[in-house]
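Novice:
Numbering (the working numbering), first residue to last: 203 to 319.
#1: Smallest Cα separation from residue 252: which of 240, 219, 282 and 296?
#2: Tell me whether the beta-carbon of residue 237 lies closer than 8 Å to the beta-carbon of residue 212.
#3: Tell me whether the beta-carbon of residue 268 lies closer than 8 Å to the beta-carbon of residue 242.
#4: Measuring only the C-alpha atoms, how far is residue 281 from residue 226?
#5: From this set, 279, 286, 287 and 293, which residue's C-alpha is nearest residue 302's C-alpha?
#6: Could you tell me if the beta carbon of residue 279 falls within a distance shorter than 7 Å of some heavy atom in the ligand FMN?
#7: Mapping the DSSP letters down to three states, classify residue 240 as helix, strand or coil.
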């Protein structure tokens, strides 16, 4: 799957979506870009990253982290092992400066250089 960021910070997704990794509230693939729903709508984003079956976004204001898709290995950081079909905020540690997803993990870095995985 692929995420793209508009000039205004809106997030769009397309490709495989069987685990909810497109963030459109469904578990199906999309051939054309669709806007990511939920808490990210109207919240400008500055950075995106994708793993094999999950996605992550950092907001422009406050460096808040949102994740969605498969959480079977804990990669969403939400404490839930199931999948999320819309973005869920990872609470407790923001603000973050950057995010990077691997196949089954998510890493974030704070402004002081602290890394969380």
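Just so it is clear, CB atoms sit at the ideal spot from N, CA and C, and this is done for glycine as well.
Specialist: Taking the geometry as given:
#1: On the chain shown, residue 252 is found 50 positions in, with the first residue counted as 1. Per the Cα distances, 219.
#2: Locating residue 237 in the chain shown gives position 35, counting from the first residue. Locating residue 212 in the chain shown gives position 10, counting from the first residue. In this structure, residue 212 lies closer than 8 Å to residue 237 by Cβ.
#3: Stepping through the chain shown from its first residue, residue 268 is reached at position 66. Stepping through the chain shown from its first residue, residue 242 is reached at position 40. Yes.
#4: As a first step, residue 281 must be located in the chain shown, where it is residue number 79. As a first step, residue 226 must be located in the chain shown, where it is residue number 24. If you take the alpha carbons of residue 281 and residue 226, they lie about 21 Å apart.
#5: As a first step, residue 302 is located in the chain shown; it is residue number 100 there, counting from the start. Closest by alpha carbon: 279.
#6: The model depicted lacks the ligand FMN and carries no ligand whatsoever.
#7: Translated into positions along the chain shown, residue 240 becomes position 38. Helix.
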